[in-house]
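Take 872 as the starting number for the sequence shown in this note's numbering and just add one per residue. We put the beta carbon where it would ideally sit given N, CA and C, even for glycine. A quick write-up on the structure given underneath.
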Amino acid sequence: MYLGKLLVQGFKSFASATELCFDPGITAIVGPNGCGKSNIVDALRWVIGEQRARVLRSDRMDNIIFNGTSKRRAVGLAEVQLTIMNTRGILPLEYSEVMLGRRLYRSGEAEYLLNGVPCRLRDITDLFTDTGMGAGAYSVIELKMIEEILSESTQDRRRLFEEASGITRYKKRRADALRKLDNMKSDLARVRDLKDEISSRVRSLKRQATIAERYLRYKSELNCAQLTLLQFEYSWLAFEEEDLAEDETRIADHCMDLTSKLHAYDAQLEALRTRFVSEQQSAEANRQELVRHEQRVAELEGEIRLGQANLKMIARDLDRLLLEGETAASESAELSDDRESVSSALSAAMPQAAKAVQDLDGAISARDTARENLGLREQERNSFQGTANDLSQQRAGIQRLVDRLQGRITHLRIEEDRLSTEQESGGETDAGAAKAVEAANHALEEAKQHLDAARSERTETETANEALARRITHAEDAVRLAEKGLAAKLGETKILRDLVDAYEFFPDAVRYLSARTENIEVTALGDLITCEPKYRAALAGALGAYGACMVAKTRADAEEAAELLRLGDMGRAYFIVLENVQDRPLVNESPPNALRTLVRLREEDCAPIVDLLLQDVFLVESLEEARVMLNNGRGANDRYVTLQGEWIDARGMVYAGGDEEGGVYSYLVQRGNLQEASDACSELEEQVEQAKNLLTEIRATQRQLNLKEVVDRAHIAEAKYAEANRTAQNCTQIHEIASNRLGELRHRKSQVEQEILDLESEVQSHGDELQESDEKLAEIQKHLKLVDDKIETSTTQLEAAQNTHIAAQAAAVKTASECDRLKGDMKRLEQHRMRLDKRVAQQGRDHAALIQAQKKVGAQVHELTLKLDDERARRKDLDNLSAQDKAREHESRVELEQVNDRLRKGRRALQEAKQEEADVRVKRSAVTARLEDMVHRASEEYGTKLTRISENTEIDEVALREEIKQKERKLQSMGNVNALALEEYEKENERLEFIETQFSDLEEAQSTLIRTIREINRTASKQFIDTFVLIRENFRELFCELFGEKAKCELDLTVPEDVLESPIAVTARPSGKRPVSIAQLSSGEKTLTAIALLFAIYLVKPSPFCFLDEVDAPLDDVNVEHFMRLIRRFSSDTQFVLVTHNKRTMEMADRLYGVTMQEEGVSSLVSVRFEEAMAMAG
């Protein structure tokens, strides 16, 4: 496989379409600096998928589009097409010819093409994966990449090895798998936490479900009683709604009558409006006609003025043509004189030019004869010189061989001394390694003991931590339950507070004043007193109507409150003025059954009010007991009240009957419930606080366990054990290596001693050959001296002939130039005469046309003047029509105003009727809304539809309400019940089963993914190690080939236990040097080292093609020879394209391309010969 051709258009400096055809072998691209050679390399990188603008030497990707020059506009599209000959089937496609394309528009849109079909970038990337020719592979090497390949940052170097070993796709799969594994671990932790949370919730819901089932049974019975009461109330409201409907129908009929009359007025008004609009339209038509008349007059006047201006312009043009005719006649006379003068000069110059050509032919003949004689002498000298060169090369070869043999002998003697030294130190190293193995094994045993102790401690701590975690879960559940109960009780407290603040059981006057306490100093009596629940009915009965009275601090406050009631039309209220009763003496002693002693005050200064209202009120068990007490006689004002609120006084007044609802009793009950709910909230807040404190204590105990420190100590122990194990293995390995090395040193020393003897014998035999070559060279040097004298004489003759030829050539060129100039002058004068004749003819035609136009415009102006007089005569008729239209419009407007007045009065009567209808409809809507609310309530709360009960049906409403109260008390006694516990339990239990199934599936998927990652690591590691070993051997061989046999190099994995991520270290030591690092090498040495590494990779996995951008720049001539030998050696398997300035590189190329900028800022391409390439690279 190789590159076929590269088409570049609009890319960087290649504005026009430029095509490069590549053949197998070596192609060189040459040209001066800045001509755009490297842009070809960038175009190749870009088309095979490069995405980094920095690599393409740009700040942004859209900078690669040709941006224009001073002579060319910028283009809107950059396009590169690359044709690859897939003859060896390296690319996984069935086609033998594959065309890749890439486009970038200035708008930012991009396209990728594969054989002309749009595709994705990923398709291009996948196509080149592990082929050695992707965007990040080693198929394109620039000079700056030499530093990157050998730099301390090993990422670029490692990427080359990965591409060569074909593990890129494995690493990508492993990265994807590791990312999935991390996500899966997070999912497992999240699902595990969710499973634990739901399990705890299911256990709690199971207990609540049992209570909820009993609660729902009571709730169902309560709903049946409430529904019956709701149907009773619904029926009475339905009857009231029917009466309101009849009133609404009566008023609607009256509205219909008024509406009919209004329609008649509307019809009359519409007829008048239609007539009025018709008259307005007629008047508007006449006005439009008057406007059009004025426009026509203005247009005619404008056309007349335009025609008169055209006549003046035509007269000026006629004068101008007369003047131009006179000027043309004068120019024609001057032109004839110039032609005669130039013709005479040309006739005199022609004979001189012919004589100069004749002299030049004679000089050329003499020069050629002298050059032929010199060539014969030089051929003779070259013959002798060739023989001398052959003998010199033969002698130099023998001398180099002798020098190399002597150098080899010196090297072997040095190596012999080194081997003796190393043999002595190797014995010491072997003994030291044995001791190190023993010490490492002892350290390993100690690390094993520490590891066992750390693991035991971690197990105990983890067990204790799990127990505390369970306690934390239980404590958190307790906190949640307590907070949930508190939230429910707070909601209940808010509802009760809203009911209390609404004063719904008091008269409107009390509610009105209570809502305005910020403006007046009054308070409801029910807000100032309270008592035990069992005494509430008695207190309410004793207070009676006074229970709804308002307490004012001063008389002014009471009067202000009364004024507010009068202004708001809110009725009346009782007032107790506190300053009037404060001087009243308090009762210090009272009987045990005095009701006032059972009352608790919210404000102490209200005690006189309680004495005033309850001074002679006593509590008894029943009315019978009260009668007995009255018969015994105590006081004339005594009153006895039962616990049910019934009472009897000394005057014989009795207050008795059924249970009392509403009023101060209900308000006291609500006040008491609110106080109880507030107390319960305080208790629940204490429970929440206690549960949170317990949770905090358990968490503190958990933190004191320091599980992380214990786990960290266990990890440290494991790491120390692993380190000790590695140390022991390394020491064992070092001991084995030292033993093997000692044996190798002994064997190598015996080989060196034998090789020294053989080389000394070979040096002796080559000395005789050198003496014989020296004698033959002396004889040939004598003949060369004689030939050089003859060549000097012939050279002098040739120089004289060349000087004569140069002088004759200069004379011939001068006379020929003069003749050419005179001929050019004759041609220019003739062209000028022809242009002058054409201009005179055109002036004649223009004069005739102007005369004709002058006549035509004059006739048009006369005709327009006549039309203007006719239009002015019509203006009087149009003014009369406009006056008649205004009179008719005034009469119609008066009639319209009269009908509108009658229509307004009718609408006012209709509005009053509709207002009455609206009032009835509002009342009916209120009743209907209550009915709909009852229907909605029955549907929402009881799931049924309400029906009207017959008027004859008898329902004991009091008994029904008592039944509802009893059932409500049962439900209240159960406290807060989660009514949705049954449904939540089933739902959460089903969810728990689902989560447990998901957890099992995730664990199984995690195990499968871990096995997959291990298999990828095993396969990729083996493949990488096999490739790495081959590249290392090839690198050693090529490095020695480039730098000599004494040179040394090495490739090492710095982290051998992590083959897939380990950096790759490069060591290079040319012959006679011992640099500490690669950075200490010269630029040429770095370049050759990188080339050796690159071609070592090619030996393992050849790239189909290779672009080298000025890689040979730092190399001298000798190293360029080494470099090009490698290029030629690998060119059978790899197609090379070299961007170069080097002469020797150009000499070895199979094909040359030249890049030039004939137009500033625009690169173009030419095929060149070697001499032209040298000049361009110059």
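Quick check on DSSP: helix, strand or coil for SER1942? The answer is coil: DSSP assigns SER1942 none of H, G, I, E or B.
Answer yes if the segment 934-943 comes into contact with the segment 1946-1955, meaning at least three C-beta pairs across the two stretches below 8 Å, and no otherwise. No, the segment 1946-1955 is not in contact with the segment 934-943.
Residue nearest to LYS1563 in terms of C-alpha spacing, selected from GLU1554, GLN1714, ALA1353 and GLU1742: Nearest Cα to LYS1563 within the set GLU1554, GLN1714, ALA1353 and GLU1742: ALA1353.
To the nearest angstrom, report how far apart ALA1224 and GLN1680 are at their CA atoms. Distance between the alpha carbons of ALA1224 and GLN1680 is about 11 Å.
Cβ neighbours of LEU1641 in the same chain (closer than 7 Å, five flanking residues each side left out): Only ARG1266, ILE1269 and GLN1270 meet the Cβ criterion.
Along the chain, which unbroken stretches of the alpha helix (DSSP H) at least 4 residues long are found entirely within the segment 1690-1772? Counting only runs of 4 or more, we get nothing.
Limits of the unbroken alpha helix (DSSP H) element including LEU851: Residue 851 lies beyond the stretch modelled for the chain, which goes from 872 to 2049, so this question has no answer here.
Enumerate in chain order the residues of its own chain whose CB-to-CB distance from SER967 is below 8 Å, with the five nearest sequence positions on each side excluded. Result list for SER967: MET956, ASN957 and THR958, in chain order.
Could you check which residue in ARG1275, PHE1446, THR1938 and ASP1583 has the C-alpha nearest to that of GLU1633? When each option's Cα is compared against that of GLU1633, the closest is ARG1275.
Where does ARG944 fall in DSSP's three states? Note: ARG944 maps to coil in three-state DSSP.
Only counting runs of 4 or more residues, tell me where the alpha helix (DSSP H) segments fall wholly within the segment 917-984, in order along the chain. Listed in chain order, nothing qualifies, since the segment 917-984 has no complete alpha helix (DSSP H) run of 4 or more residues.
Whole angstroms are fine: how far does the CA of GLU1788 sit from the CA of TYR2051? The chain is shown from 872 up to 2049; residue 2051 falls before or after that span and cannot be answered.
Any heavy atom of the ligand FMN inside 6 Å of the beta-carbon of LEU1290? The ligand FMN is not part of the structure shown, which contains no ligands of any sort.
Between ALA886 and the rest of its own chain, which residues show a CB-CB distance below 7 Å, the 5 nearest in sequence each way excluded? Counting only Cβ-Cβ distances below 7 Å, and skipping sequence neighbours, we find PHE937, ARG943, VAL946 and VAL2033.
Reduced DSSP category for GLN2029 - H, G, I as helix; E, B as strand; rest coil: Of the three classes helix, strand and coil, the one that applies to GLN2029 here is strand, per DSSP.
Cβ shell of LEU1863 (< 8 Å), same chain only, five flanking positions each side left out: Closer than 8 Å at the Cβ level, and outside the excluded window around LEU1863, lie LYS1066, ILE1069, SER1070 and VAL1073.
Residues that PHE1489 bridges to, as DSSP identifies them: Bridge partners of PHE1489: ALA1465 and TYR1511.
Mapping DSSP to helix, strand and coil, what is GLU1524? Before going further, note that residue 1524 is Met rather than Glu in the sequence given. Secondary structure at MET1524: coil, using DSSP grouped into helix, strand and coil.
Taking the straight line between their C-alpha atoms, what separation do you get for LEU1177 and HIS1703? Their Cα atoms are separated by approximately 40 Å.
Just verifying my parser: in three-state terms, what is the DSSP assignment at THR1258? DSSP places THR1258 in helix when its eight states are reduced to three.
Just list the residues that DSSP pairs ILE1519 with in beta bridges. Bridge partners of ILE1519: TYR1511 and VAL1525.
C-alpha distance - LEU948 paired with LEU984, whole-angstrom precision: Between LEU948 and LEU984, the C-alpha separation is close to 15 Å.
In the DSSP assignment, what residue or residues form a beta bridge with LEU1922? As computed with DSSP, LEU1922 is found in a beta bridge with VAL1937.
Three or more C-beta pairs under 8 Å: does that hold for the segment 1993-2007 against the segment 1021-1038? The segment 1993-2007 vs the segment 1021-1038: no contact.
By alpha-carbon positions, which one of GLU1197, GLN1320, THR1401 and GLU1580 ends up nearest to ARG1542? Looking at the Cα atoms, THR1401 is the closest of the given residues.
Specify the secondary structure class of GLU1474 as computed by DSSP and reduced to three states. In the structure shown, GLU1474 sits in coil (DSSP, three-state: anything other than H, G, I, E or B).
For THR898: DSSP bridge partner residues: DSSP output for THR898 lists VAL2008 and ARG2022 as bridge partner(s).
Distance between LEU1021 and ALA1963 (C-alpha atoms, nearest Å): For ALA1963 and LEU1021, the distance between alpha carbons rounds to 12 Å.
Just the Cα atoms here: how many angstroms apart are GLY1257 and GLN1625? C-alpha separation (whole angstroms): 41 Å.
Hey, how far is the Cα of ASP1188 from the Cα of LEU1721? Near 8 Å, if we compare the C-alpha coordinates of LEU1721 and ASP1188.
What three-state label does DSSP hand SER2034 in the structure shown? Three-state result, SER2034: strand.
Among LYS1647, GLY1397 and SER1493, which has the Cα closest to the Cα of VAL1470? Closest option to VAL1470, Cα to Cα, is GLY1397.
Can the beta-carbon of CYS1095 be found closer than 7 Å to that of THR1364? No, the Cβ-Cβ distance between CYS1095 and THR1364 is not below 7 Å.
Assuming contact is defined by CB atoms lying nearer than 7 Å, are ASN1464 and LEU1438 in contact in what I supplied? Judged by their CB atoms, ASN1464 and LEU1438 are not nearer to each other than the 7 Å cut-off.
What does DSSP give as the partner residue(s) for GLU1013 in the beta ladder? GLU1013 is bridged by DSSP to ASP1980.
8 Å Cβ shell around GLU2067 - same chain, five flanking residues per side excluded: Only positions 872 to 2049 of the chain appear in this structure, which leaves residue 2067 out of reach.
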